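Peer 1:
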Amino acid sequence: MTPVRLAPKKDVRVPRLVGLMAVDAQEEAHARGLSLHAPDRPDLHLAVVDHVVRQYPPPGAHVPRDSQVYVWFDFGEGEGGGGIREPRVPGPPWGGLRRELTEPGHGGPDAAGSEVGGPPCCAVLSRP
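Read in order, the letters of the sequence shown correspond to residues 0 to 127 in numbering that gives the first Met the number 0.
1) Specify the secondary structure class of residue 112 as computed by DSSP and reduced to three states.
2) If you drop the 5 nearest sequence neighbours on each side, which residues of the same chain put their C-beta closer than 7 Å to that of residue 58?
3) Apart from the five residues on each side of it in sequence, which residues of its chain come closer than 7 Å, Cβ to Cβ, to residue 112?
4) Kindly indicate which residue of 9, 65, 34 has the alpha-carbon position closest to the one of residue 21.
5) According to the Cβ coordinates, are residue 24 and residue 51 closer than 8 Å?
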């Protein structure tokens, strides 16, 4: 009787799963011979449209075939998770188009460009 030698498991590269929907992450992992485990989703098979926000091992790591890849669908406590945000550019500076002009005859610059009577909010304070 000859001894049977088992071939060593070949290493596979962990794919990038962050950003993928749960169903796509499962397909990508299974295609490489890996299985997914989600500590924050015990019902992983029901999570379809949730997006992966974190994974371990990181993408590109070499692991033995049939290894588990841990994925999370929620950020942990205090780590944000407010959703996807688009970049917000600052608004135009104060003044210019945002500046509120006073009504004619109630202060503001006259034809010569000088202030007449001051702004209406200060009229009460400047009376004797």
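Ideal Cβ placement from N, Cα and C applies to all residues, glycine included.
Here the structure is a predicted model, which is why all the values come from computation and not from measurement.
Peer 2: In short, the structure shows the following:
1) Interpretation of residue 112 is limited by its pLDDT of 49, a score under 50 that renders its predicted location unreliable; the figure taken from the coordinates is listed afterwards. In this structure, residue 112 counts as coil in the three-state DSSP scheme.
2) 13, 14, 15
3) Residue placement at residue 112 is poorly supported in this model, since its pLDDT is 49, which falls under 50; the coordinates are not used for a value here.
4) 34
5) yes
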